[in-house]
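Residue numbers (the numbering used here): 351 to 900.
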């Protein structure tokens, strides 16, 4: 339990609520060409930049707990940092340390994975994203585990690889699959047999999240577990053939099964072990449930082999999912929401399905549920189950409708919301759709701004990382990469760019400097919101962007 926050002696807050707007995937582009945020017609945001105090915040690399500043930020670690006001070692950094120290291989879960397979003369299967994007997974981790598995007596390994094209270049799959096939070939001998057994695009199979589309998980189950689907002699053949037939980028490529003599090489059997080597939680929970649930209502699994299943990390600390995991996630405590509940501050959180968990679960330090059900309200607006480029406005109007209603009714002192547009549409790589998504979001920000002004509140606008600000691939000299058809090569990954922090305070009376602090990260947003609510931030929180006049 945490103690109540102390009153801010320099500022007592405003009559109306603090409305915290998170524009997911919206940053300041490093290049003019491909910066869809800057290119979009955003009249309301432009006016805020011209009239309200604002600064830039770091949202990638070490500023959000990732190994180095070459690592792009993501929504999960971003919302962790925003919600807890500090920086914790995250994802890849934790796994790196566990592998380098040997702790993973000395742990009980790894030993059980190995013993279950060896005791039953079974196969060790790995499922996960085949890239080095460092957002959901890293192939370096997989290489290490397969090498260790061979040394531990495993005789057969099968890899079920998901194509990325989202956290890395949109058609880069063979740059990962082909060298990995060579790596496996170098390990194979009379005592060891390792192969890629199945695959498919991450937005087609296996990696659904927030219960948005369980048919993705069903397709993944049929592909990885049952070995059912279109068969090819190798992953390379599958990727080249399916690309030629569909024209799809990697994340949207159909599922495939690798077969020999008409039989899948990697269908799972009783006595096998399975490791989901993705370390990020949101897109790991549903496939984990498919393996662990005694009864599954979401789809008919047809056959459930008796395997030992483990995740790379604990994906949900409250639900204790999965039952077995290789690396312990950061213990994130004393989040902003918990402090505000202890202080009696009423809070309202809203987004659509695609980012609902980010303003709740991730914002609260990877914890499901509320700290105080009497003080907190969560609202999820169901997302469309359609490609995002077909509905680039997403549900931002519906989110704004509810936020405006709550502002007018005055029931909550903090209202936080996430507009997913910049991230989810940004990942499609379709520039025109991103322009539309930014302009749709801007209209809703204008509506919310008016409601904040009428209520005498404050609006804080920021983001968790960049994406739509960097929609084209660039060479080292800054030139845009041009494809054979003469069009710019689309970039579908997050950016390394800073994000905005705008303070819209229509009742401002010079209580704080209009020059906001610079050089901070998005972890400073928690202290900023707490101070605007009229309280002092915890001493070990990263500093607010505000400097109050004494």
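For glycine and all other residues, C-beta sits at the position ideal for the given N, C-alpha and C. Note that the structure is predicted; figures quoted are calculated from it, not measured.
query: Test item: CB-CB of residue 560 and residue 707 under 8 Å; result: yes
query: Option in 594, 493, 551 and 681 with minimal Cα separation from residue 712; result: 681
query: Unbroken stretches of the beta strand (DSSP E), 3 residues or longer, contained in the stretch 833-871; result: 849-854
query: Beta-bridge pairing of residue 663 - partner residues as DSSP gives them; result: 677
query: Whole runs of the beta strand (DSSP E) within the stretch 772-818, excluding any shorter than 3 residues; result: 808-812
query: Reduced DSSP secondary structure (H/G/I, E/B, other) of residue 539; result: strand
query: Close-in-space but distant-in-sequence residues of the same chain around residue 604 (CB under 8 Å, 5 per side omitted); result: 550, 551, 554, 580, 592, 596 and 598
query: Span separating the alpha-carbon of residue 365 from that of residue 651; result: 54 Å
query: Buried or exposed (CB count within 10 angstroms, at least 16 for buried), residue 889; result: exposed
query: Contained beta strand (DSSP E) runs [length at least 3] in the stretch 715-775, N- to C-terminal order; result: 726-731 and 764-769
query: Outcome for residue 817 when other beta-carbon atoms lying within 10 angstroms are tallied against a minimum of 16; result: buried
query: Residue 710 versus residue 375: straight-line alpha-carbon distance, rounded; result: 18 Å
query: Residue of 515, 765, 769 and 716 minimising C-alpha distance to residue 731; result: 769
query: DSSP-derived helix/strand/coil call for residue 410; result: coil
query: Where the beta strand (DSSP E) containing residue 512 begins and where it ends; result: 506-513
query: Whole-number beta carbon distance between residue 586 and residue 514, since they are thought to touch under 8 Å; result: No, residue 514 and residue 586 are not in contact; Cβ-Cβ is about 16 Å, not under 8 Å.
query: Residue 387 versus residue 400 - alpha carbon distance; result: 16 Å
query: Closest Cα partner of residue 614 within the set 885, 584 and 635; result: 584
query: Per DSSP, the bridge partner or partners of residue 613; result: 610
query: Cβ pair residue 537, residue 497 closer than 8 Å; result: yes
query: Cβ pair residue 851, residue 883 closer than 8 Å; result: no
query: Selected residue, minimal CA-CA separation from residue 867, among 608, 763, 898 and 460; result: 898
query: Local conformation of residue 491 per DSSP, three classes; result: helix
query: Cα-Cα separation between residue 857 and residue 478, rounded to whole angstroms; result: 50 Å
query: Burial state of residue 697, where buried means 16 or more other Cβ atoms lie within 10 Å; result: buried
query: Contacts around residue 785, its chain only, beta-carbon distance under 7 Å, and the 5 residues preceding and following it disregarded; result: 386, 389 and 390
query: Beta-carbon gap between residue 475 and residue 623 smaller than 8 Å; result: yes
query: Rounded Cβ spacing between residue 631 and residue 683 (contact assumed at less than 8 Å); result: Rounded, the Cβ-Cβ distance is 17 Å, inconsistent with contact.
query: Nearest to residue 611 (by Cα), restricted to the options 582, 661 and 635; result: 582
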